[in-house]
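Presented below is the structure to which this report refers.
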Ligand code: TYD
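In the working numbering, the protein residues as written are 1 to 200.
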């Protein structure tokens with residue numbers, strides 16, 4: 001089995017950049033959720049399009065889970081089984097923080113749904129990049145037109161941050177917190193040190 005590392009964080013946390021840097025360093029398969037498969041790209045459209053109004057939180061959680069189930073079955077698990085390392089930008093932790101905690105569906109319930117979707121595939125390590133609300137807002141503003149999730153409001157994104165902190169605190173064996181403030185190289189040095197100490 002290859003190694004499986006996930007990057008998590010709120011909007012503008014810089015996790016996509018850090019995921020790419022680790023994947024390049026390891027020669028790992030770099031992938032992301034939602035939307036990395038052909039089916040997933042269609043689900044992603046529905047999920048992130050601001051024109052999708054009034055999406056019930058349970059429907060949102062199930063669509064995220066459907067994307068993940070297909071992604072694990074067709075991309076992540078086969079790669080790991082071939083001995084390939086996999087780096088994924090968002091995974092179950094996103095559903096726990098966004099749907100379970102911030103949308104209020106319950107972290108336990110969403111964890112059960114996720115376990116069903118992934119057939120219990122858990123990452124070896126989850127790197128949670130933490131940035132302040134201000135830094136996150138600044139970086140989001142630079143990113144252009146906000147998608148449906150980005151438009152959910154400051155209170156929602158504060159709950160996402162809280163949700164992540166809670167999930168990380170409950171899973172200290174798998175989750176590591178990294179200060180995401182500062183420049184790319186600075187953050188990368190922190191990520192590198194932690195990844196190397198956890199997965200030598
Ligand atoms: P994306 O553009 O990948 O976000 P980012 O650039 O911040 O990584 O969009 C994914 C959005 O979907 C993001 O707002 C988080 C949200 N999301 C969930 O709410 N639940 C999930 O399970 C996943 C994977 C993503």
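Here a beta-carbon is modelled for each residue, glycine too, at the ideal position from N, C-alpha and C.
Nearest CA to the CA of residue 61: which residue from 139, 101 and 193?
101
Give me the Cβ distance between residue 125 and residue 198, rounded to the nearest whole Å; I'm assuming they're in contact under 8 Å.
5 Å
Relative to the ligand TYD, is the shortest distance from any of its heavy atoms to the C-beta of residue 34 smaller than 7 Å?
Under cutoff, so the answer is yes.
Near residue 74, which residues of its chain fall below 8 Å by C-beta distance, leaving aside the five closest residues on each side in sequence?
Closer than 8 Å at Cβ, skipping near neighbours: 37.
Near the ligand TYD: residue 150 beta-carbon under 7 Å from a heavy atom:
yes
What does the alpha-carbon distance come out to for the pair residue 30 and residue 24?
8 Å
Report the rounded CA-to-CA distance for residue 35 versus residue 91, giving the unit in angstroms.
When rounded, the distance between both Cα atoms is 11 Å.
Quick one: using the 10 Å Cβ neighbour count with 16 as the cut-off for buried, is residue 67 buried or exposed?
Around the beta carbon of residue 67, 16 or more other beta carbons sit within 10 angstroms, so the residue counts as buried.
Taking 7 Å as the cut-off, does the CB of residue 164 come closer than this to any heavy atom belonging to the ligand TYD?
no
Please determine, among 173, 133, 149 and 138, the residue with the shortest C-alpha to C-alpha distance to residue 94.
149
With H, G and I counted as helix, E and B as strand and the rest as coil, what does DSSP make of residue 30?
strand
Residue 130, enclosing beta strand (DSSP E) - first and last residue
125 to 130
Look up residue 195 in the DSSP assignment and say whether it is helix, strand or coil.
helix
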